[in-house]
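Structure, as structure tokens:
Chains as they are written, first to last, in the numbering used here: chain A, 1 to 345; chain B, 1001 to 1345.
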């Protein structure tokens, strides 16, 4: 087993997280070999962490000991960095959003095809424990067939960092958390998007979106509400999922929540009307006790390999990637359409 | 002070609720005089309750002691009943949805104009305590200017009753709870609807909607998500409201919830990144403690009259109605458009 020598390109928050936390989970396979950043202080940090550093990106690509690069730079720089690396015979792992748009992505895929190098995107949130639970509920149907998924990520800190405020760098929340949430949903539902609605939030005065609400209708009939917010001082649940026989919610990253299903017991008594505001309602009254039961949320682990283990096999053994470029392209195409729809194109 | 003699037309759940609960709150002004229903068992119930009953609707209208009728029958019968009553010189209070569509409503309004009788709609949920709290937050701005309102009513009992399952009677949830929630929002925001999105749920196999999700964009920039569900075994909060300076939620009819706002304190430390799934996030990390404060949800009462007190003054003293027909018409026009949009018209 020959380790893959990786150079981290862009040694910021994400790049150093790969180097220090993610790559070491597969240290038999992945070797954090070096790093490159345009900022001197980050070069210094990389050197201090014991990584080989380079004077230029060209030097990285000229280093024959380097087999692969991780691109963790601002979004608008991904394309050129990726193409140069592929042409230099390096494999490329790219942070999300993979590119600024599908046109860019297709260029890169074309080069990858020509060179035969691996190009893969770090859609790591397919391994999020909360997502795995929802995926299990979707697949095993403890609350019947799922017809509606609501996926929300809400914070109160506004848009982070510097370049994420800028359009030309691919800033904004749709291209940040949005990419993750849409990737999860599209991968899970695995049906073409028939139609969508989207509304961007620009409350904070940035030229980019500080959040969005989208609603997708899939050809198989499933609906998904996908929302990212950065002006939410109290939150709605991370997941809210409706099946024919019940409903599940997961409150937060801690994966707490609840799942309630209809018992379909015989002789269930009708719900008792309740006072709701100034009126009575039977429709919105809680079902009678014997009509519902609380069931445990599933425990779930990925039945697929960890990301870096898979990447290793993709590079070394031509294994099938878990994160396929065709899937990544679908998400990006949807995002392109969302921007175009709002721009009135 | 001469009481207004009312006859309840349609002595079902809603009609009897008016007779037994709502009208008696103004017993100096409103007299529950009689009732009429096409079903013999309901006629019997009305008689047993001490109400005068009638052999036919014509008999109600011929009774010169009757000054006003409450129409609480299936939705498709409102128009003919209302027009006949107005022409017979009776005032009309009508349950919601006022009519099947705007064309019908305009016909009725025309007759009311000709006859000079009062026609008013029972949009009683403008007096709901939870709505009054949201209204106060909207107006007093303890969390800054409100730019997003989310109003949800979710049950797990499906569509209630019999005729509400049928299209020809004006069944479905948009014409049921939807009318209330849209009336509240349109009245509160008080700005033209610039655009909307709507998706109906027909999960239960009924020919009508068993719920819907709508998203309204107002000309003043406010957004509102309005949702009714009848297949929700666990619920999202009744209200979720975002202001520039904070967020409020009200969980349920009991008006519990929370309101959090930014302190805008100086020297607030940056939020500490948290582990979220398999990744780190600073964007979605809780703001530092000194950056937010919990404030009390407001107590709120209507600064306007109770419904029946207002109706009395409208009839007796030409007071301004709190529920204006022009407002009711806006809601109905929006609903018409929602149905048309989905039907692809």
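Glycine included, every Cβ here is placed at the ideal spot set by N, Cα and C.
Exercise for the section: Please go through the stretch 298 to 345 of chain A and give each complete alpha helix (DSSP H) segment of 4 or more residues, from N-terminal end onward. Expected result: 307 to 317, 325 to 342
Exercise for the section: For chain A, find out if any of its Cβ atoms is closer than 9 Å to the Cβ of residue 1148 of chain B; answer yes or no. Expected result: Start at 1 with the first residue of the second chain, and residue 1148 of chain B comes out as number 148. At least one chain A Cβ lies under 9 Å of residue 1148 of chain B.
Handout entry: Host beta strand (DSSP E) of residue 1033 of chain B (start-end)
Key = Sequence index remark: in the second chain, residue 1033 of chain B carries index 33 (1-based). Counting along the chain, the beta strand (DSSP E) containing residue 1033 of chain B begins and ends at 1030 to 1036.
Problem - Closer than 9 Å to chain B by CB, residue 24 of chain A - result: Taking the first chain and counting its residues from 1, one reaches residue 24 of chain A at position 24. It does not; no Cβ of chain B falls within 9 Å.
Exercise for the section: Using a Cβ-Cβ cut-off of less than 8 Å, list which residues of the stretch 1111 to 1135 of chain B approach chain A; keep chain order. Expected result: 1124, 1125, 1127, 1128, 1129, 1130, 1131
Handout entry: Cβ-Cβ separation, residue 1216 of chain B to residue 1185 of chain B (assumed contact under 8 Å), whole Å
Key = Within the second chain, residue 1185 of chain B is the residue found at index 185, counting from 1. Within the second chain, residue 1216 of chain B is the residue found at index 216, counting from 1. So it is a contact: roughly 7 Å between Cβ atoms.
Handout entry: Status (buried if at least 16 other CB within 10 Å, exposed otherwise) for residue 103 of chain A
Key = The count along the first chain starts at 1 and reaches residue 103 of chain A at position 103. Result: exposed.
Handout entry: the stretch 252 to 270 of chain A touching the stretch 186 to 201 of chain A, judged by at least three CB pairs closer than 8 Å
Key = no
Exercise for the section: Within the stretch 263 to 296 of chain A, note down every full beta strand (DSSP E) run reaching 3 residues or more, in order along the chain. Expected result: 274 to 276, 279 to 281, 292 to 295
Handout entry: C-alpha gap between residue 316 of chain A and residue 1285 of chain B, whole angstroms
Key = Along the first chain, one-based indexing puts residue 316 of chain A at 316. Along the second chain, one-based indexing puts residue 1285 of chain B at 285. So the alpha carbons of these two residues sit roughly 37 Å apart.
Handout entry: Under 9 Å (Cβ pairs) to chain B, residues found in the stretch 147 to 179 of chain A
Key = 147, 148, 150, 153, 154, 155, 156, 157, 158, 159, 160, 161, 164, 173, 176, 177
Practice task
Could you tell me the distance, in whole angstroms, from the CA atom of residue 1341 of chain B to the CA atom of residue 197 of chain A?
Solution key: Your numbering for residue 1341 of chain B matches position 341 in the second chain. Your numbering for residue 197 of chain A matches position 197 in the first chain. Straight-line Cα distance between these residues: approximately 14 Å.
Problem - chain B residues whose Cβ lies nearer than 8 Å to that of residue 349 of chain A - result: An answer regarding residue 349 of chain A cannot be provided, because it is not within the stretch 1 to 345 covered by chain A.
Problem - Where residue 297 of chain A meets chain B, residues with beta-carbon distance less than 9 Å - result: Counting from 1 along the first chain, the entry for residue 297 of chain A is found at position 297. Neighbours of residue 297 of chain A on chain B: none; closest Cβ ~11 Å, over 9 Å.
Handout entry: 9 Å Cβ cutoff met for residue 137 of chain A and residue 50 of chain A
Key = The residue labelled residue 137 of chain A in the question sits at position 137 within the first chain. The residue labelled residue 50 of chain A in the question sits at position 50 within the first chain. No, the Cβ-Cβ distance between residue 137 of chain A and residue 50 of chain A is not below 9 Å.
Exercise for the section: Quick one: which residues of the stretch 7 to 31 of chain A get their C-beta closer than 9 Å to a C-beta of chain B? List them in chain order. Expected result: 13, 14, 17, 21, 22
Exercise for the section: Could you tell me which residues DSSP pairs with residue 1120 of chain B in its beta bridges? Expected result: Working through the second chain from its first residue, we reach residue 1120 of chain B at position 120. Answer is B/1093.
Exercise for the section: Would you mind stating whether residue 105 of chain A and residue 332 of chain A have Cβ atoms separated by less than 9 Å? Expected result: As a position in the first chain, residue 105 of chain A is number 105, starting the count at 1. As a position in the first chain, residue 332 of chain A is number 332, starting the count at 1. A contact, by the Cβ cut-off of 9 Å.
Exercise for the section: Provide the residue(s) that pair with residue 1259 of chain B in DSSP beta bridges, ordered along the chain. Expected result: If you number the second chain from 1, residue 1259 of chain B lands on position 259. Answer is B/1248, B/1295, bridged to residue 1259 of chain B.
Practice task
In the DSSP assignment, find the beta strand (DSSP E) that holds residue 215 of chain A and state where it starts and stops.
Solution key: Within the first chain, the letter at position 215 stands for residue 215 of chain A. Where residue 215 of chain A is concerned, the enclosing beta strand (DSSP E) stretches over 211 to 218.
Exercise for the section: Answer yes if the stretch 1241 to 1255 of chain B comes into contact with the stretch 1131 to 1149 of chain B, meaning at least three C-beta pairs across the two stretches below 8 Å, and no otherwise. Expected result: yes
Handout entry: Sequence-distant residues of its chain with Cβ nearer than 6 Å to residue 1031 of chain B (five each side left out)
Key = Position 31 of the second chain, counting from 1, holds the residue named residue 1031 of chain B. Result list for residue 1031 of chain B: 1003, 1005, in chain order.
Exercise for the section: State the DSSP-derived secondary structure class of residue 13 of chain A, mapped to helix, strand or coil. Expected result: Counting from one through the first chain, the residue named residue 13 of chain A turns up at place 13. The answer is helix: DSSP assigns residue 13 of chain A an H, G or I state.
Exercise for the section: Find the nearest neighbour of residue 1089 of chain B within the set B/1076, B/1118, B/1078, B/1233, judged by alpha-carbon distance. Expected result: As a position in the second chain, residue 1089 of chain B is number 89, starting the count at 1. Residue B/1118 is the option with its Cα nearest to residue 1089 of chain B.
Problem - Test: residue 1232 of chain B CB closer than 9 Å to a CB of chain A - result: Mapped onto the second chain, residue 1232 of chain B falls at position 232. With 9 Å as the cut-off, residue 1232 of chain B counts as an interface residue toward chain A.
Handout entry: Contact belief for residue 1111 of chain B with residue 1066 of chain B at Cβ below 8 Å, rounded distance in angstroms
Key = Start at 1 with the first residue of the second chain, and residue 1111 of chain B comes out as number 111. Start at 1 with the first residue of the second chain, and residue 1066 of chain B comes out as number 66. That pair is no contact at about 18 Å.
Practice task
Step through the CB atoms of chain B and report whether any lies within less than 9 Å of the CB of residue 339 of chain A.
Solution key: Here residue 339 of chain A is taken as the residue at index 339 of the first chain, counted from 1. No - not a single Cβ of chain B is within 9 Å of the one on residue 339 of chain A.
Practice task
Answer with yes or no whether the minimum CB distance from residue 42 of chain A to chain B is below 9 Å.
Solution key: Against the first chain, residue 42 of chain A aligns to sequence position 42. No - not a single Cβ of chain B is within 9 Å of the one on residue 42 of chain A.
Practice task
Give a yes or no on whether 9 Å exceeds the smallest Cβ distance from residue 70 of chain A to chain B.
Solution key: By one-based count along the first chain, residue 70 of chain A stands at place 70. Residue 70 of chain A does not count as touching chain B.
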